[in-house]
């Protein structure tokens, strides 16, 4: 059986790593390698995302979804224009201004963008 004092001394030696003279230089080299690795990873992830986006866009365009969206947009434009003509009397609008679905949708889109910017500003202030 091994001596207890020897085992205790051996455990202490392995528990405390000796200080190396070039420890700071080694740490700097490791940090440089890690930074280089992140740059390469970022570029790789960005390139793979771009390729994935191109593949997704090609699939979307080849599926006929764009034509269906255009048809749906034309139907909704006609629906909104019809209901706006019934709801708003022509005397309310300035001369030469016509309302259609595109105006309403663009106004809603700009309102959503403005709300998003306002929320972003409020979050930044918090």
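Residue numbers (the working numbering): 511 to 636.
We treat Cβ as the ideally placed atom computed from N, Cα and C, and that holds for glycine.
None of these values were measured; they are calculated from a predicted model.
Report buried or exposed for residue 577, applying the criterion of at least 16 other Cβ atoms within 10 angstroms of its Cβ.
Exposed, because fewer than 16 other Cβ atoms sit within 10 Å of the Cβ of residue 577.
Inter-stretch contact at 8 Å, needing at least 3 Cβ pairs: the segment 613 to 633 / the segment 597 to 604:
Cβ pair count under 8 Å is below three, so no.
Are there three or more Cβ pairs, one per stretch, closer than 8 Å when the segment 568 to 587 is compared with the segment 542 to 557?
Touching, no.
Counted within 10 angstroms of its Cβ, other Cβ atoms place residue 611 as buried (16 or more) or exposed
With a threshold of 16 other beta carbon atoms within 10 Å, residue 611 meets it and is buried.
Same chain, Cβ closer than 8 Å to residue 570, neighbours up to 5 away in sequence not counted:
Closer than 8 Å at the Cβ level, and outside the excluded window around residue 570, lie 576.
Local conformation of residue 586 per DSSP, three classes:
In the structure shown, residue 586 adopts helical secondary structure according to DSSP, grouped into three states.
What is the rounded straight-line gap between the Cα of residue 553 and the Cα of residue 539?
Between the alpha carbons of residue 553 and residue 539 lies a distance of about 21 Å.
What residue range is occupied by the uninterrupted alpha helix (DSSP H) comprising residue 630?
Counting along the chain, the alpha helix (DSSP H) containing residue 630 begins and ends at 611 to 635.
On the DSSP letters alone, give me the boundaries of the alpha helix (DSSP H) that residue 514 sits inside.
Taken as a continuous stretch (DSSP letters only), the alpha helix (DSSP H) holding residue 514 covers 514 to 525.
For residue 555, does the three-state DSSP call read helix, strand or coil?
Residue 555: helix per DSSP, three-state reduction.
Rounded separation between residue 565 and residue 527 - CA only:
Distance between the alpha carbons of residue 565 and residue 527 is about 52 Å.
Do residue 590 and residue 561 come within 7 Å of each other at the CB atom, strictly closer than that value?
Cβ distance not < 7 Å, so residue 561 and residue 590 don't count as in contact.
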